[in-house]
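Every letter in the sequence shown is one number past the one before it in this note's numbering, and letter 57, counting from 1, is 302.
Beta carbons: idealized from backbone N, C-alpha and C, even for Gly.
All values reported here derive from a predicted model rather than from experimental measurement.
Reading through the structure tokens given below for one structure.
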Amino acid sequence: CILTPPPGANEDAVDAVAELWRSVGSDVEIMDPKHHDRVLAITSHLPHLLAYTIVGTASDLEDHIGKEAAANKEDVLTSEVIKFSAGGFRDFTRIAASDPVMWRDIFLNNREAVLEILGRFTEDLTALQRAIRWGEGDALHDMFERTRGIRRGVIEMRQAGTFKATEQESEASEDPES
Numbered sequence: 246c247i248l249t250p251p252p253g254a255n256e257d258a259v260d261a262v263a264e265l266w267r268s269v270g271s272d273v274e275i276m277d278p279k280h281h282d283r284v285l286a287i288t289s290h291l292p293h294l295l296a297y298t299i300v301g302t303a304s305d306l307e308d309h310i311g312k313e314a315a316a317n318k319e320d321v322l323t324s325e326v327i328k329f330s331a332g333g334f335r336d337f338t339r340i341a342a343s344d345p346v347m348w349r350d351i352f353l354n355n356r357e358a359v360l361e362i363l364g365r366f367t368e369d370l371t372a373l374q375r376a377i378r379w380g381e382g383d384a385l386h387d388m389f390e391r392t393r394g395i396r397r398g399v400i401e402m403r404q405a406g407t408f409k410a411t412e413q414e415s416e417a418s419e420d421p422e423s
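Encoded structure:
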């Protein structure tokens, strides 16, 4: 549970709320509201935005493939994009099933932090696109190796008890390819 008391909040009231959450088994963190917005923009909001976008892009591609096939009088199942999507697509896009009203409100109420993180992500994605375009295998490998190490470090910290892992994350961490 993350509490984000505004400046000047009554410390006794904040402590009482924190104790309430602890009494029901929550770990409690107290965080500056702006810092919270930036942290959650990268760890929660951006992944949801990407999941929604990937599902939409896959659906649009599926529609495009179906129209091309019809124009060429070919027999193509319009569900092939989804039919042949692998576990990574399913796992990554699971969160796109989240409540759209809630996420609309989160994005609009946290727009400044979301746009900042989305801009940074776009820059990183553009660098990856450039590396792919120019065949820069070493740059791709270095980036993938670095981020793979970061991901494994997160899992190790969760297993060491520094973070609480969800059941799904614990199962995934047992797979060396996760």
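Query, Result
"Write down every uninterrupted run of the alpha helix (DSSP H) in the stretch 277 to 365 whose length is 4 residues or greater and which is fully enclosed by it, in chain order.", "278 to 285, 291 to 316, 325 to 328, 332 to 338, 345 to 354"
"Any contact of the stretch 271 to 288 with the stretch 323 to 337, i.e. 3+ C-beta pairs under 8 Å?", "no"
"Taking Cβ positions, are phenylalanine 352 and leucine 294 nearer each other than 8 Å?", "yes"
"Grab the span of the alpha helix (DSSP H) containing alanine 263 for me, first residue to last.", "256 to 268"
"Going by DSSP in three states, glutamate 390 sits in which element: helix, strand or coil?", "helix"
"Report, in whole angstroms, the separation of the C-beta atoms of valine 326 and glutamate 307, which I expect to be a contact under 8 Å.", "4 Å"
"Three-state secondary structure (DSSP) at glutamate 274?", "strand"
"In the DSSP assignment, what residue or residues form a beta bridge with leucine 248?", "Ile275"
"For glycine 380, which of helix, strand or coil comes out of DSSP?", "coil"
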